[in-house]
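> Every position in the sequence shown, counted from 1, becomes a number in the working numbering once 1 is added. Glycine included, every Cβ here is placed at the ideal spot set by N, Cα and C.
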Amino acid sequence: MPLFGLAPTEWQAVQLSLLVAFWASLLSLPLAVLVAYALARWQFWGRQLLNICVHLPLILPPVVTGYVLLLVFGQTAPVGRFLNDTFGIVLAFRWTGAVLAAAVMAFPLMVRAIRLAIEAVDPKLEQAATTLGAGPIRVFLTITVPMMAPGLVAGVVLAFAKAMGEFGATITFVANIPGQTQTLPSAIYAFLQVPGGDASAVRLLVLSVFISVLALALSEWMARRVVHGTGQ
2 MPLFGLAPTE WQAVQLSLLV AFWASLLSLP LAVLVAYALA RWQFWGRQLL
52 NICVHLPLIL PPVVTGYVLL LVFGQTAPVG RFLNDTFGIV LAFRWTGAVL
102 AAAVMAFPLM VRAIRLAIEA VDPKLEQAAT TLGAGPIRVF LTITVPMMAP
152 GLVAGVVLAF AKAMGEFGAT ITFVANIPGQ TQTLPSAIYA FLQVPGGDAS
202 AVRLLVLSVF ISVLALALSE WMARRVVHGT GQ
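1) If you follow the alpha helix (DSSP H) that PRO9 is part of, which residue opens it and which one closes it?
2) Can the beta-carbon of MET111 be found closer than 8 Å to that of ALA33?
3) Label PRO62 either buried or exposed according to how many other C-beta atoms from any shown protein chain fall within 10 Å of its C-beta, with 16 as the threshold for buried.
4) Can you tell me whether LEU71 is buried or exposed, with buried defined as 16 or more other CB within 10 angstroms of its CB?
5) What's the C-alpha gap between ALA218 and GLY156?
6) Short check: CB of PHE174 to CB of GLY98, under 8 Å?
7) Please classify GLY134: is it buried, with 16 or more other beta-carbons within 10 angstroms of its beta-carbon, or exposed?
8) When you compare the CB positions of ALA164 and ALA121, do they come within less than 8 Å of one another, or not?
9) What residues in its chain sit with their C-beta under 7 Å from that of ARG116, if we drop five residues either side in the sequence?
10) Given a cut-off of 8 Å on the beta-carbon distance, is the pair PHE94 and THR182 in contact?
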């Protein structure tokens, strides 16, 4: 009996979406923390330009973002050809490309949530720790990270949810190949295009809503645990 009443092709789309969202969130996290910290704490030339570039995926149509990724990372593009020839990495029309597209689209949400959390941390606490002899890395790990942890959790969950629902950039960059690049939104779109596909589309729609609600509930629970654990 198919799991949750899903057909094999439907279940493949669910599994791929979860895999893509997981890796997109995980791989984006280190860079998102660095960029968020830079925007929140550092003053440097090009800061506003960096802020604009980070938020561009939220402003541009997703199809445009996907096409830009195709121009940069396509197999005949300079970067794509270099990755393929040097490391054997192919992103266009592969599930790894879906991870990249989802990460790019989710990155602004993660950065914004983490940046707001960092800005809420009193700089005087960091300065006091520095005065007592703590180095920058130790200050960040022992003062900043624990206090910004709820925002960190929120950023990761927002990115995960965005990656789960990403459609425009993904379908443009990696197409909609069942079992290879077909994610939940792409599968719903595909089922709506064929006669008799409404039932499958509805099943996937209900499941996607369930996953999103579960992710939000989990983030709230984790945020409360973090707040209680840090004594905030």
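On the basis of the coordinates in this document:
1) Within the sequence shown, the letter at position 8 stands for residue 9. Note, PRO9: alpha helix (DSSP H), 9-42.
2) In the sequence shown, the residue the question calls residue 111 occupies position 110. In the sequence shown, the residue the question calls residue 33 occupies position 32. Closer than 8 Å, so yes.
3) Here residue 62 corresponds to residue number 61 of the sequence shown, with the count starting at 1. When all chains shown are included, PRO62 counts as exposed.
4) Position 70 of the sequence shown, counted from the first residue, corresponds to residue 71. By the 10 Å Cβ count, LEU71 comes out buried.
5) Position 217 of the sequence shown holds residue 218. Position 155 of the sequence shown holds residue 156. About 14 Å.
6) To locate residue 174, count along the sequence shown from 1; it is residue 173. To locate residue 98, count along the sequence shown from 1; it is residue 97. Contact: yes.
7) Residue numbering aside, residue 134 sits at position 133 when the sequence shown is read from its first letter. Classification of GLY134: exposed, given that the 10 Å Cβ count is below 16.
8) Looking up residue 164 in the sequence shown gives position 163. Looking up residue 121 in the sequence shown gives position 120. Cβ atoms of ALA164 and ALA121: not closer than 8 Å.
9) Taking the sequence shown and counting its residues from 1, the one referred to as residue 116 is at position 115. Only ALA37, LEU40, ALA41 meet the Cβ criterion.
10) Within the sequence shown, residue 94 is the residue found at index 93, counting from 1. Within the sequence shown, residue 182 is the residue found at index 181, counting from 1. Cβ distance < 8 Å, so PHE94 and THR182 count as in contact.
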